[in-house]
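Step one of this worksheet: look at the structure below.
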Ligand code: SF4
Ligand code: SF4
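In my numbering, the protein residues as written are 5 to 438.
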């Protein structure tokens, strides 16, 4: 698959956008502007968190994922369901019902991403044995959190654990096992993640820390839910099937990963604004006694993703009940250490910061623009009202300096200017009468 560094799953449907500015102040990276009566997403700042999808009552923000027809591009297609998929079906007692349903809607084989989570758990626990690690080590599982760190907390990049996401490790194992069993070429096999969020789709097209994703696409849980529902009545019957542990399945919910990786001294945070607050504490060195930090952009963890169907609290409860009936086997016992050498589990590229674009390539001009920006900020009221089309007064000043808008887009400055003009006209009229 061709990788596009500017790819974003979250996009604007221009025809539906009313320019209401509701999404403007909810974006955690100030990536939205409203100009000419329409929202615009700034490619370099968007982290595909999906907050704008949740907030837009006109459904003008949408997530692009693959459709089922795309699996036909491959001779064989493997479905890799995120464990949060199991939480979408009330009363589900075993993952095998969902796995069989995936085969019935057209996949040739299935592989649980929860099994990838088991391998990743083992890999991170081995990593944690090494000395002199930054504290806390931060999970790499939620791509939105990793991109948030790249954009807003670049000095914390070295805290991100250099182990691949469960879906990537799962895809490596799934493809290798399928090719071995069916004696086929790896290029004949398409691996499709069943995703609860747009960020995973973006992470497949533009991987972070990897040259290339092991996956070939992602299909939204929302799209598949209706197709799977009529088939959730029979268990997968495959003598070669290796189930994930309950610990791997629990990665679907907040604290599932932290509990598997380092229950004695870890912290799990969910919801993008909560994650930002905790990362600020890490940045200020206030959590350096913590060993491991799990951050999920969505409330409740992946079960709260914008592409899920079920209420996240109900889904979390369904997962909890299902895991309660699974044998209490930890990934340390389920995953042989040799697995970590057999399949790629570590990143092959460093994670780079993604800080805002420079004001100007020329240092002198950049300084001049910075000075002008600060002068404009002093004249602005500091209300961060968004009526100018920028999320804050500071971003508005920056947008003016960059030439994207003018001071007259601010209603407060416009009112002041009109007031001065009116006073001038009164003065002029008086002087003529005299
Ligand atoms: S919330 Fe944003 S995307 Fe939705 S209509 Fe308003 S400005 Fe447009
Ligand atoms: S997906 Fe998130 S980061 Fe991107 S524009 Fe929407 S709210 Fe902002």
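By construction, the Cβ of each residue, glycine as well, lies at the ideal position given by its N, Cα and C atoms.
Alpha-carbon to alpha-carbon, residue 216 and residue 290: Rounded to the nearest whole angstrom, the CA to CA distance from residue 290 to residue 216 is 35 Å.
Whose C-beta lies closer than 7 Å to the C-beta of residue 192 among residues of the same chain, with five residues either side of it excluded? Answer for residue 192: 78, 79, 80, listed in chain order.
With burial defined as no fewer than 16 other Cβ atoms inside 10 Å of the residue's Cβ, what is the status of residue 249: buried or exposed? Buried, since its Cβ has 16 or more Cβ neighbours within 10 Å.
Cα-Cα separation between residue 206 and residue 195, rounded to whole angstroms: Straight-line Cα distance between these residues: approximately 15 Å.
Neighbourhood of residue 6 by C-beta, 6 Å cutoff - its chain only, sequence neighbours within 5 removed: Low per-residue confidence applies at residue 6: pLDDT is 40, beneath 50, and the placement is therefore not dependable, though the value from the model is reported in the following sentence. Close CB contacts of residue 6 within its chain, under the 6 Å cut and outside five residues either way in sequence, are absent.
Mapping the DSSP letters down to three states, classify residue 215 as helix, strand or coil. In the three-state reduction of the DSSP assignment, residue 215 falls in the coil class, being assigned neither a helical nor a strand state.
Do you know offhand how far residue 135's Cα is from residue 295's? For the pair residue 135 and residue 295, the Cα-to-Cα distance works out to about 12 Å.
Answer yes or no: the CB of residue 375 versus the heavy atoms of ligand 1, is any distance below 7 Å? Result no, Cβ not under 7 Å from ligand 1.
I'd like to confirm something about residue 56: is its beta-carbon nearer than 7 Å to some heavy atom of ligand 1, or not? Yes, the Cβ of residue 56 comes within 7 Å of a heavy atom of ligand 1.
In this structure, what does DSSP give as the bridge partners for residue 386? Bridge partners of residue 386: none, in fact.
Extract the residue ranges of the alpha helix (DSSP H) inside the stretch 363-407, only unbroken runs of 4 or more that lie entirely within it. Runs of the alpha helix (DSSP H) spanning 4 or more residues and lying entirely within the stretch 363-407 occur at 367-383, 397-405, in chain order.
Cα-Cα, which of 312, 423, 243, 321 is closest to residue 229? Closest by C-alpha distance to residue 229, out of 312, 423, 243, 321, is 312.
Any idea if residue 431 is buried or exposed, counting beta-carbon neighbours within 10 angstroms, 16 or more meaning buried? Residue 431 sits exposed, since fewer than 16 C-beta atoms from the chains shown fall within 10 Å of its C-beta.
Have a look at 298, 243, 237 and flag the residue whose alpha-carbon is nearest the alpha-carbon of residue 256. That would be 298, whose Cα lies nearest to the Cα of residue 256.
I need the boundaries of the alpha helix (DSSP H) containing residue 196, first residue and last residue. For residue 196, there is no enclosing alpha helix (DSSP H); the enclosing beta strand (DSSP E) covers residues 193-199.
Compute every distance between the C-beta of residue 65 and the non-hydrogen atoms of ligand 2, then say whether any falls below 7 Å. Yes, the Cβ of residue 65 comes within 7 Å of a heavy atom of ligand 2.
Residue range of the unbroken alpha helix (DSSP H) whose run includes residue 416: Annotation: the continuous alpha helix (DSSP H) that includes residue 416 extends over 415-437.
Per DSSP, what are the beta-bridge partners of residue 15 in this structure? Paired residue(s): 66.
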